[in-house]
Structure formats: C-alpha cells, structure tokens
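Participant: Here it is, the structure, as structure tokens.
In structure tokens form, the structure reads like this:
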C-alpha cells in the first residue's frame, strides 16, 4: 500500500532533518521576526554555541551569539541580519557561550517560509584554520620576497621553478635567467662529484641536507656559502626541493681571523705555542719525519730585559719584531718559527738529515742575532742562547722535546750564553742538581742558615783598614761551604736575589753600625749589588730604608756594581745612581777591565772608586799584559780623581807592585781573609786597629 501524503511529508521532513544534522556547518533555524527565537540547531551549531538544541530552542538568537560590530562585514548585530544579502556569505567575529573570546566565522542568512510561517536559517562555520593558513601563506610570500637568504625552489628533476630577490643579489642571476635552469649554473668546480652524490643521497634518504660549499656567481667569482636543502613531500612522495643559502665570506674571514689570533703571537705574527704543538704533533703523529729528521730549537735572547728597562717596552717590542724577521730569514718556508712569549722563541726544523745540518742552522741564527739591532738610534746587542732537541732520540712527543731543548738552553746560559748545545741525557742530572740547590737555598734563607763574612780593605799609604767587604757564605749541612758562584746565579734566575740582597744589605749595615756603637771605628761596609737588583724598581728606596732602620750614616755604605750592570742601560740606571748619590752612598765599579770598559761609562755614571779585578793580579810580576792593564787602570783613576783598590792581593810581590805604581787600596789574603762578624769585632777590639805591617 503506497504511503499516504502525511507519511510522505513526515519522511521528507525526517530526511531534511537528517541532512541538516549531517552538514559540516552550523545551521540554526529561527523565527524571522523579533526577537528571532531559535527553532532548531544542528550538532555543529550546538558545538559552536556551547549548548544543546533543546537548551537553545525558544531563546532569542541575539542572546546566543554576538557579532563584533567593528569586525563584521555587513551587520553590527543579529537584529540587522536582513541588511545582509540573501544567501550571501559574509565574515564576522563571532562570540558564543562556548567561545566567549570569539573566533572568525563565515555566516549566511536565508529567509524561508514553512506553512505560511516566516522563518530564517543561519549557517555559520569557523574559518580560523583558513585564516591562519592564509596568514601563513602571506607571511611565506613576504619571507620569500624579503629574506636575506637566497631561496630556490626546484622540481624533482632539479629544474628551478622560483627564486627570490636575495638569490639574484647573491648570485647575479635574474629570475628569468635562473628559472628553467638547474643549480649546476652555480657550480664552482671546487668539489668532487662524490660530494654532490653524497648530498643527493642524503636528500633521498633523510629529506634534508645542510653544509658548507663553494659556489660561483654569474661574474665568475667564487664564494663560500651555507646551504640548507629540504625535500617537500605530498603523501610521502617528493614533489619539490626548497634550498636556502647565504654568503658566509665574512663569517669565514672572521673565523680565520679568530683562528689566526688564537694560533699566532699578536706582536710578531709568528705561530704561538698552540700552533707549534699542533704542527709538531701532526708531523710526529704521521711518522713521516722519523727517518727524515726533525729538530726543535729553543732560543732565548740574552740581555733583552736591559732593552725594556732602559728604552721601554715599545722599544723592546720593536726589537722582538726584528728578531722574528731575522729568524724567519734563517730558515726555510717549510720550517716553523714560533714565539713562546717574552724573549723566548722556538724553531721547528723539518727534513734535516743529521745533527750537522741542525748545527749549521743554529750557527746561522746565532750570527744573525749577534748583529746589532738599532732601536731609537742605539745599537742593541741581544745575542741568543740556543738549546736543541732531536726527534725521536731526545723525545717522541712535543712536550718532551720542548722540555729537553729547554734543558739544553739552561746549560748554554750556565756556560756563558751566546752559544748553542744539543741536549744530552746527562743534562737532566745537572737540572736536577740545580733544582735541589734551589730548594736548599730557599730553606737556608727561611731558616737563617746563611752568613755574612767580612774581608778588610786597606789604605796602602797608611796601612790601615778603611772598609770591610760583606761576602755571603752558605754553610750547607751536607755540601759543606757552597761557593757563591754556584748559588748566586740560581738566586738571580729564580728571583730570590731580591730578598737575599736586601737581607745582605740590612745585615751589613747593622754590623757596621754596631762596630761604630762599640767604639771599634768608623769603617765603610761594602755590599755587592747584582744586575737583577739594579734592574728591579725601588733599589734606592730599599737602601734608604736599610740606612734609616739601622741608623748607619750613608757615607759608611759602599755599593759595588759590575760593568755589565751598566752596559746598554740608560735613564733608569742614571736615575737610580742619582738617587743613591743623593743619599750619600759611596759607589765602586767592581771587576773593572773585565767587561766593556769605557770612559763614557765612567763619565755618565758617577762612581767613586774603581776596583781592579783579581784576574789581573795573578802573576803580575811576570805577566807584562796584566801589569800594563793594572798600571793603566791606576793612571786612569788618578786622572779622573777616583779612588782605586786592587782585589786578590796574595803575595808580597803584588803588594810591592801596587805600592810602586800608586794604587790607593788593597784587598786580599795577604792582608786578611774573610771572617765572621764576631771575629771582626774581636779582631778590632784586640787593639789591632787594622794595622798592616809595612813591607
């Protein structure tokens, strides 16, 4: 039996309702007259409204949704819905109970009639995702256009589909020149085919590749770039490739500059220790020089400190730069010249067949650095001391070679400097001995084991004592009496000489003042001052404090300095001597004639007395050369109105020679040996009065 009209109508109504419920948009039916009460809402509308159809039914539509007037395309509120074109979609910012903050929506109003009743239908959907996608697309377009990085889009065959303006700016190719071509137009030829094969394999396997490579611009110039390529997939299938790249020339230059600064000396531009270790380690690690020969030279400049102290550090820097140039000129381009710091250099020689070849280079370096270097119109002499270690015999790693070359260098310095020596195993014994001596000396200083002995100096005319020279003595519990020539150089090299020298100065001044206080006589006390003490700042202040603390008259303090202290010195030494003379201290030039004797020094440095070195007194009666030198020094002192004293006088013949030629003073075993301070007091208190029997 066919369905009745009512049945057909009910079925159609049910079908219509099912269709409305299935629509993927919100659908709301409402009365077309105010207050626009809701008649129905499909499930999507329920989600957007945040309430069920039953709850929304009968409520005015304006209480369920709100349009933001300033963000609506055609109506400011639901009440104005008739202003919108019938069935026409518009966009608005919609607020609901479920989403009170609002969201972008597309809406459409359509009036309908049902059984003579005026109704309307509102369809609405959330277009936030679409808006976001559109915004992303607009941003992508802007990024593509304004990016500082070049962007290239290709198909799977590598044909260029699009390029951005930065691509043209970086490569020189216009879009019409690039589109349709392949990235091969940029190949520089610097990379092997295997490089590109690995790149494409990574793209196929991982969908991504990035790295550094060199490309070629349209004008033919090459440049380094950082390239990132990503594969674009659709349902797992690669459809396009997007490449981004930038010119990293400036970054590479900065990296190279930073690397250079990290591996080179900032003053001379020579490699530094870090680069030395890297190069030597690479050579040794490869083993390619085990048979061909590898030598490491440690070089130290003698008397360099004098340049800094007299002319200042800028002059010292210029000297170091010149030394660097001379060293580089002495070796091949395959060799390495290094500045370790200060006045220490290293030369790494590759491919030297035997020690004779190394010695030849060492001799060449010594000759080059022995030539004067003119700084501020002054000829400076800074001869080198060179220690040499050979690979693999003297060490199979960089640190061992450096250590052993330094050991050989120490031996050169101990033996007189301005020479070169190859390392030998026995040198370590010497170094260990020196370390033990240094430790023992520190202990002796801390424990008060050092002593001062005093040797008398006589006036040859009156045969009376005029002064006592303070001589440092070290009674070692195991070594016995350690000679000063053994431990004084150690004190100078380690910096102990400053504290040691101040102790000697204070102790000597204190003893002289005690002799005076006891009524034993007014004698000068003579104290030797090393070059290290003179070079250090504050010597005059140290002397002034010692005099003030002990109460000794400055006229009773004599300081002995050697000629070597004065050589190459300038304003600082003159200032120190000037301050000492202002205090009233008596100055003696010690060991005169053994160094760089010059009338200019005697004129510049206001000394009071010359001391003739003991080496000239030996065999003076039968050695005409020594006799001539002594006579000349005495005559010179008399002409310059300087006192003169001879040391090392041990025989009557020597004494008679000095008397005959008018020498003013004498010192030596003939008249008196060095003695402890208490013996000096006993000697003087016994009434000897310092008389020397006449010859």
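Numbering (the numbering used here), first residue to last: 268 to 962. Built from N, CA and C at the ideal position, the CB exists for glycine as well.
Which parts of the stretch 675-748 are runs of the beta strand (DSSP E), unbroken and 3 residues or longer, counting only runs that do not cross its ends?
Facilitator: Counting whole runs of 3 or more residues, the stretch 675-748 contains the beta strand (DSSP E) stretches 687-689, 718-726, 731-743.
Participant: Kindly indicate which three-state DSSP category residue 430 falls into: helix, strand or coil?
Facilitator: As a position in the chain shown, residue 430 is number 163, starting the count at 1. Residue 430: strand per DSSP, three-state reduction.
Participant: Could you check where the beta strand (DSSP E) with residue 624 kicks off and where it finishes?
Facilitator: Here residue 624 corresponds to residue number 357 of the chain shown, with the count starting at 1. No beta strand (DSSP E) contains residue 624, which is instead part of the alpha helix (DSSP H) from 622-637.
Participant: Do residue 594 and residue 566 have their C-beta atoms closer together than 9 Å?
Facilitator: Translated into positions along the chain shown, residue 594 becomes position 327. Translated into positions along the chain shown, residue 566 becomes position 299. Yes, the pair counts as a contact, with Cβ atoms nearer than the cut-off.
Participant: Check whether the stretch 912-922 touches the stretch 875-892, taking contact to mean three or more Cβ pairs, one atom from each stretch, closer than 8 Å.
Facilitator: Yes: at least three Cβ pairs fall under 8 Å.
Participant: Could you give the first and the last residue of the continuous alpha helix (DSSP H) run that contains residue 311?
Facilitator: Reading the chain shown from its first residue, position 44 is the one you call residue 311. That run of the alpha helix (DSSP H) goes 310-316.
Participant: Which of helix, strand or coil does DSSP assign to residue 458?
Facilitator: For the purposes of this step, residue 458 is identified with residue 191 of the chain shown, where counting begins at 1. Correct three-state label for residue 458: coil.
Participant: Determine the DSSP secondary structure at residue 568, reduced to helix, strand or coil.
Facilitator: Indexing the chain shown from 1 puts residue 568 at position 301. Here residue 568 sits in strand by DSSP.
Participant: Touching or not, the stretch 776-789 and the stretch 931-950, by the rule of three or more beta carbon pairs under 8 Å?
Facilitator: In short, these stretches touch, since the Cβ pair count reaches three.
Participant: Let's test the definition: count the other Cβ atoms within 10 Å of the Cβ of residue 768 and tell me whether it reaches 16, buried, or not, exposed.
Facilitator: As a working note, residue 768 is residue 501 in the chain shown. By the neighbour-count rule (16 or more Cβ atoms within 10 Å), residue 768 is buried.
Participant: Could you compute how far the alpha carbon of residue 677 sits from the alpha carbon of residue 797?
Facilitator: Taking the first residue of the chain shown as 1, we reach residue 677 at position 410. Taking the first residue of the chain shown as 1, we reach residue 797 at position 530. If you take the alpha carbons of residue 677 and residue 797, they lie about 20 Å apart.
Participant: Rounded to a whole number of angstroms, what is the C-alpha to C-alpha distance between residue 727 and residue 930?
Facilitator: On the chain shown, position 460 is the one that residue 727 refers to. On the chain shown, position 663 is the one that residue 930 refers to. The alpha-carbon atoms of residue 727 and residue 930 are separated by roughly 7 Å.
Participant: With distances taken between CB atoms, is the gap from residue 734 to residue 791 smaller than 9 Å?
Facilitator: As a position in the chain shown, residue 734 is number 467, starting the count at 1. As a position in the chain shown, residue 791 is number 524, starting the count at 1. Contact: yes.
Participant: May I ask you to report which of helix, strand or coil DSSP gives residue 438?
Facilitator: Indexing the chain shown from 1 puts residue 438 at position 171. Here residue 438 sits in helix by DSSP.
Participant: Considering only the beta carbon of each residue, do residue 316 and residue 290 sit closer than 9 Å?
Facilitator: Locating residue 316 in the chain shown gives position 49, where the first residue counts as 1. Locating residue 290 in the chain shown gives position 23, where the first residue counts as 1. No, the pair does not count as a contact, with Cβ atoms beyond the cut-off.
Participant: Starting from residue 381, trace the beta strand (DSSP E) both ways and give me its first and last residue.
Facilitator: By one-based count along the chain shown, residue 381 stands at place 114. Unbroken beta strand (DSSP E) run through residue 381: 370-381.
Participant: On the three-state DSSP scale, how would you describe residue 757?
Facilitator: Residue mapping note: residue 757 aligns to position 490 of the chain shown, counting from 1. Residue state, collapsed to three classes: helix.
Participant: So residue 988 and residue 776 are supposed to be a Cβ contact under 8 Å. How far apart are they, rounded?
Facilitator: The structure shown does not extend to residue 988, since the chain spans only 268 to 962, so no value can be given for it.
Participant: Based on the DSSP output, what are the partners of residue 934 in its beta bridges?
Facilitator: Taking the first residue of the chain shown as position 1, residue 934 is located at position 667. Residue 934 is bridged to 914.
Participant: Have a look at 904, 845, 826, 657 and flag the residue whose alpha-carbon is nearest the alpha-carbon of residue 737.
Facilitator: Within the chain shown, the letter at position 470 stands for residue 737. For the residues 904, 845, 826, 657, the minimum Cα distance to residue 737 belongs to 826.
Participant: For residue 905, collect the residues of the same chain with a Cβ closer than 8 Å to its Cβ; drop the 5 residues on either side in sequence, then sort them by chain order.
Facilitator: The residue given as residue 905 occupies position 638 in the chain shown. Cβ neighbours of residue 905 beyond the five flanking positions: 911, 929.
Participant: What's the call for residue 475, buried or exposed, on a 16-neighbour Cβ count within 10 Å?
Facilitator: Stepping through the chain shown from its first residue, residue 475 is reached at position 208. It is exposed - the Cβ of residue 475 has fewer than 16 other Cβ atoms within 10 Å.
Participant: Go through its chain and collect everything with a Cβ distance to residue 319's Cβ below 6 Å, but skip five positions before and after it.
Facilitator: Numbered from 1 along the chain shown, position 52 holds the residue referred to as residue 319. So the qualifying residues of the chain are 313.
Participant: Is DSSP giving residue 787 helix, strand or coil here?
Facilitator: Looking up residue 787 in the chain shown gives position 520. Residue state, collapsed to three classes: coil.
Participant: How close, in whole Å, do the beta carbons of residue 293 and residue 311 come, if the pair is a contact with beta carbons under 8 Å?
Facilitator: Counted from its first residue, the chain shown places residue 293 at position 26. Counted from its first residue, the chain shown places residue 311 at position 44. That pair is a contact at about 4 Å.
Participant: Do you know how far the Cα of residue 370 is from the Cα of residue 506?
Facilitator: Position 239 of the chain shown, counted from the start, is the residue given in the question as residue 506. Position 103 of the chain shown, counted from the start, is the residue given in the question as residue 370. If you take the alpha carbons of residue 506 and residue 370, they lie about 34 Å apart.
Participant: How far does the beta strand (DSSP E) with residue 491 in it extend, from its first residue to its last?
Facilitator: On the chain shown, position 224 is the one that residue 491 refers to. That run of the beta strand (DSSP E) goes 489-501.
Participant: Are there 16 or more other CB atoms within 10 angstroms of the CB of residue 617, so buried, or fewer, so exposed?
Facilitator: Counting from 1 along the chain shown, the entry for residue 617 is found at position 350. Under this definition residue 617 is a buried residue.
Participant: Closer than 6 Å by C-beta to residue 653: which residues in its own chain qualify, once you throw out the five before and the five after it? Chain order, please.
Facilitator: Within the chain shown, the letter at position 386 stands for residue 653. If we look at residue 653 and ignore the five residues flanking it on each side, its Cβ neighbours are 564, 566, 629, 687.
Participant: What residues in its chain sit with their C-beta under 7 Å from that of residue 664, if we drop five residues either side in the sequence?
Facilitator: For the purposes of this step, residue 664 is taken as the residue at position 397 of the chain shown. Excluding residues within five positions, the ones whose Cβ falls inside 7 Å are 551.
Participant: Counting Cβ pairs closer than 8 Å, one from the stretch 406-421 and one from the stretch 499-514, do we hit at least three?
Facilitator: The stretch 406-421 is in contact with the stretch 499-514.
Participant: Is it right to say residue 700 is buried, meaning 16 or more other beta carbons lie within 10 angstroms of its own, or is it exposed?
Facilitator: Counted from its first residue, the chain shown places residue 700 at position 433. It is exposed - the Cβ of residue 700 has fewer than 16 other Cβ atoms within 10 Å.
Participant: Inspect the beta-carbon positions of residue 335 and residue 359 and report whether they are closer than 9 Å.
Facilitator: As a position in the chain shown, residue 335 is number 68, starting the count at 1. As a position in the chain shown, residue 359 is number 92, starting the count at 1. Cβ distance < 9 Å, so residue 335 and residue 359 count as in contact.
Participant: Suppose you measure from the CA of residue 556 to the CA of residue 605; what does that come to, to the nearest Å?
Facilitator: Counting from one through the chain shown, the residue named residue 556 turns up at place 289. Counting from one through the chain shown, the residue named residue 605 turns up at place 338. Any reading at residue 556 must be qualified, since the residue scores a pLDDT of 47, below 50, and its modelled position is unreliable; the value itself is stated next. Their backbone Cα atoms lie some 19 Å apart in a straight line.
Participant: Would you call the CB atoms of residue 223 and residue 651 closer than 9 Å?
Facilitator: Any property of residue 223 remains undetermined from this structure, which presents the chain solely from 268 to 962.
Participant: The beta strand (DSSP E) that contains residue 514, what's its start and end?
Facilitator: Stepping through the chain shown from its first residue, residue 514 is reached at position 247. Here the beta strand (DSSP E) through residue 514 covers 504-514.
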